[in-house]
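> Counted from 1, the sequence shown has number 194 at position 200 by the numbering used here; the numbering is strictly sequential.
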Amino acid sequence: MAVQRTCLVTGCSAGGVGAAFVEAFKNKGYHVFATARSPSKIPQPLHDAPNVTVLALDVTSAESIAAALVEVQKKTSKLDVLINNAGLGLNMPGLDTSLEEAKSLFDLNFFGAMAMMQAFGPLLVAAKGCVVNNSSVGGVFNFPFSSIYNASKAALIHGGETWRLEMAPLGVRVMTLVTGGIATNFFVNMQTLIFPENSYYKPIKDIIEENPEENPYGQKPDAFAQDVLQRVERGATGKQWVGGGAGVARFGLWLMPQGAIDKLCQSMKPFAKKLEQEHAKLA
């Protein structure tokens, strides 16, 4: 009788792609550990599913990770797939982002994934398993006002690609998702901006905060999760360009000179002319 495969997913709150990952992997026959800082935010059907274990997990807390590891080890001595999905975005000019905010975002988006990989490493090695790090096209494109988010995702891409080489001799694959648009609550969950009193960017606060109610390139979470599942199943490794518009973004990055890429990124939030005008008034 075949041993049931296992998968752990971080960041499984309703409305995000984490819950879609859980659905996809449980439907494929995995026993899935669905985790979130607040388990009550995980969709109720996943609480009721026979092959899903819901756990509280804060990836920025060593104590929380250790407690989750104990619970997982009660059910299995191996982990076939670890999906590091927990993360947040942040829109704020680099001049105005506090170092505390920046470090907190890195703790979640980068160091959280690293901490999970370290804690569950022995279970992954025992299974000859796969680590899936959910990064972003923001890690390769310089979208204005997302410098800390972009940097944290760039770190995850480069870290993941290096971990891939380090862990391959142990039989563990590392996939890094360079994720494009997904139709989730990502923009809805953005923090409200609070600018310092002397911020140069107050006159364009509305432009910085403006986000589409619906991502025009947003792929449905279930379709995205199925795509990732298929890549895991067929043994993919390394960078995987997935999600809405990711293929076009990859081609554009290869084809366009930096000046064209800059214009594309600036067009997402056309702020430069207004900021120049407002700054000129104060000069």
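Glycine included, each C-beta is placed from N, C-alpha and C at the ideal position. Owing to the predicted nature of the structure, the values given are computational and were not obtained by experimental measurement.
I need the straight-line Cα distance from residue 203 to residue 138, nearest angstrom please.
Taking the sequence shown and counting its residues from 1, the one referred to as residue 203 is at position 209. Taking the sequence shown and counting its residues from 1, the one referred to as residue 138 is at position 144. The alpha-carbon atoms of residue 203 and residue 138 are separated by roughly 12 Å.
> Are there 16 or more other CB atoms within 10 angstroms of the CB of residue 168, so buried, or fewer, so exposed?
Position 174 of the sequence shown, counted from the first residue, corresponds to residue 168. Residue 168 is buried by the Cβ-count criterion.
> Entirely within the region 70 to 157 and at least 3 residues each: give me those beta strand (DSSP E) ranges in chain order.
With a minimum length of 3 residues, the continuous beta strand (DSSP E) runs that stay inside the region 70 to 157 are 75 to 78, 124 to 128.
> How many Å lie between residue 116 and residue 123 at the Cα?
Within the sequence shown, numbered from 1, the residue matching residue 116 stands at position 122. Within the sequence shown, numbered from 1, the residue matching residue 123 stands at position 129. When rounded, the distance between both Cα atoms is 10 Å.
> May I ask you to report which of helix, strand or coil DSSP gives residue 250?
Indexing the sequence shown from 1 puts residue 250 at position 256. Reduced to three states, the DSSP call for residue 250 is coil.
> Count the other CB atoms within 10 Å of the CB of residue 79; is the residue buried (16 or more) or exposed (fewer)?
As a first step, residue 79 is located in the sequence shown; it is residue number 85 there, counting from the start. That one is buried.
> Just the Cα atoms here: how many angstroms apart are residue 55 and residue 272?
Translated into the one-based positions of the sequence shown, residue 55 becomes position 61. Translated into the one-based positions of the sequence shown, residue 272 becomes position 278. Roughly 43 Å between the two C-alpha positions.
> What distance in whole Å lies between the Cβ atoms of residue 1 and residue 29, which are believed to be in contact at a cut-off of 8 Å?
For the purposes of this step, residue 29 is taken as the residue at position 35 of the sequence shown. For the purposes of this step, residue 1 is taken as the residue at position 7 of the sequence shown. Wrong, their Cβ atoms sit about 11 Å apart, outside the cutoff.
> Keeping to the same chain, check which residues put their C-beta closer than 8 Å to that of residue 268; ignore five residues upstream and five downstream.
Position 274 of the sequence shown, counted from the start, is the residue given in the question as residue 268. Excluding residues within five positions, the ones whose Cβ falls inside 8 Å are 197, 198, 201.
> Residue 236 lies in the beta strand (DSSP E); which residues open and close that run?
Reading the sequence shown from its first residue, position 242 is the one you call residue 236. 232 to 236 is the extent of the beta strand (DSSP E) around residue 236.
> Would residue 11 and residue 170 be called neighbours here (beta carbons separated by less than 9 Å)?
As a first step, residue 11 is located in the sequence shown; it is residue number 17 there, counting from the start. As a first step, residue 170 is located in the sequence shown; it is residue number 176 there, counting from the start. No, these two residues do not count as a Cβ contact at 9 Å.
> Between the Cα of residue 74 and those of 166, 224, 215, spot the shortest distance and give me the residue it belongs to.
Mapped onto the sequence shown, residue 74 falls at position 80. The candidate whose alpha carbon is nearest that of residue 74 is 166.
> Please confirm whether residue 26 has its beta-carbon closer than 9 Å to some beta-carbon of chain D.
Among the chains of the structure shown, chain D does not appear; only one protein chain is present.
> To which residues does DSSP link residue 176 through a beta bridge?
Your numbering for residue 176 matches position 182 in the sequence shown. Residue 176 pairs with 213.
> Starting from the C-beta of residue 26, find all residues in its chain whose C-beta is less than 6 Å away, skip the five residues before and the five after it, and write them out in chain order.
Translated into the one-based positions of the sequence shown, residue 26 becomes position 32. Cβ within range, chain order: 1, 16, 19, 20, 46.
> Does DSSP classify residue 50 as helix, strand or coil?
One-based indexing of the sequence shown puts residue 50 at position 56. Strand at residue 50.
> To the nearest angstrom, how far is it from the Cα of residue 58 to the Cα of residue 52?
Here residue 58 refers to the residue found at position 64 when the sequence shown is read from its first residue. Here residue 52 refers to the residue found at position 58 when the sequence shown is read from its first residue. So the alpha carbons of these two residues sit roughly 6 Å apart.
> Output the distance between the C-alpha atoms of residue 237 and residue 33, rounded to the nearest integer angstrom.
Translated into the one-based positions of the sequence shown, residue 237 becomes position 243. Translated into the one-based positions of the sequence shown, residue 33 becomes position 39. C-alpha separation (whole angstroms): 26 Å.
> Mind checking who residue 3 pairs with in its DSSP beta bridge?
The count along the sequence shown starts at 1 and reaches residue 3 at position 9. Answer is 28, 77, bridged to residue 3.
> Which of helix, strand or coil does DSSP assign to residue 228?
Counting from 1 along the sequence shown, the entry for residue 228 is found at position 234. Coil.
> Where residue 258 and residue 22 are concerned, what is the direct C-alpha to C-alpha distance, given to the nearest angstrom?
The count along the sequence shown starts at 1 and reaches residue 258 at position 264. The count along the sequence shown starts at 1 and reaches residue 22 at position 28. Whole-angstrom Cα-Cα distance: 39 Å.
> Would you say the region 94 to 107 touches the region 138 to 149, given that touching needs at least three Cβ pairs under 8 Å?
Enough Cβ pairs lie closer than 8 Å, so yes.
> At the level of alpha carbons, what is the spacing between residue 9 and residue 172?
Locating residue 9 in the sequence shown gives position 15, counting from the first residue. Locating residue 172 in the sequence shown gives position 178, counting from the first residue. When rounded, the distance between both Cα atoms is 20 Å.
> Indicate the three-state DSSP secondary structure (helix, strand or coil) for residue 11 in the structure shown.
Here residue 11 refers to the residue found at position 17 of the sequence shown. DSSP places residue 11 in helix when its eight states are reduced to three.
> Looking only at its chain, what residues have a beta carbon closer than 8 Å to the beta carbon of residue 226, apart from the 5 residues adjacent to it on each side?
Here residue 226 is taken as the residue at index 232 of the sequence shown, counted from 1. So the list reads 75, 124, 126, 169, once near-sequence residues are dropped.
> Roughly how far, in whole angstroms, is the beta-carbon of residue 150 from the beta-carbon of residue 133, given that I think they are within contact range, below 8 Å?
Here residue 150 refers to the residue found at position 156 of the sequence shown. Here residue 133 refers to the residue found at position 139 of the sequence shown. The pair is a contact, with the Cβ atoms about 7 Å apart (cut-off 8 Å).
> Can you name, in chain order, every residue of its own chain whose Cβ lies under 6 Å from the Cβ of residue 104, other than the five neighbours on each side?
Your numbering for residue 104 matches position 110 in the sequence shown. Within the same chain, residue 104 has close Cβ partners 146, 149, 150.
> Would you decide whether residue 158 is buried or exposed? Buried here means 16 or more other CB atoms lie within 10 Å of its CB.
For the purposes of this step, residue 158 is taken as the residue at position 164 of the sequence shown. By the 10 Å Cβ count, residue 158 comes out buried.
> Along the chain, where does the alpha helix (DSSP H) that runs through residue 39 open and close?
Here residue 39 is taken as the residue at index 45 of the sequence shown, counted from 1. Its alpha helix (DSSP H) spans residues 38 to 42.
> Would you call residue 245 buried or exposed, if buried means 16 or more other Cβ atoms sit within 10 Å of its Cβ?
The residue given as residue 245 occupies position 251 in the sequence shown. By the 10 Å Cβ count, residue 245 comes out exposed.
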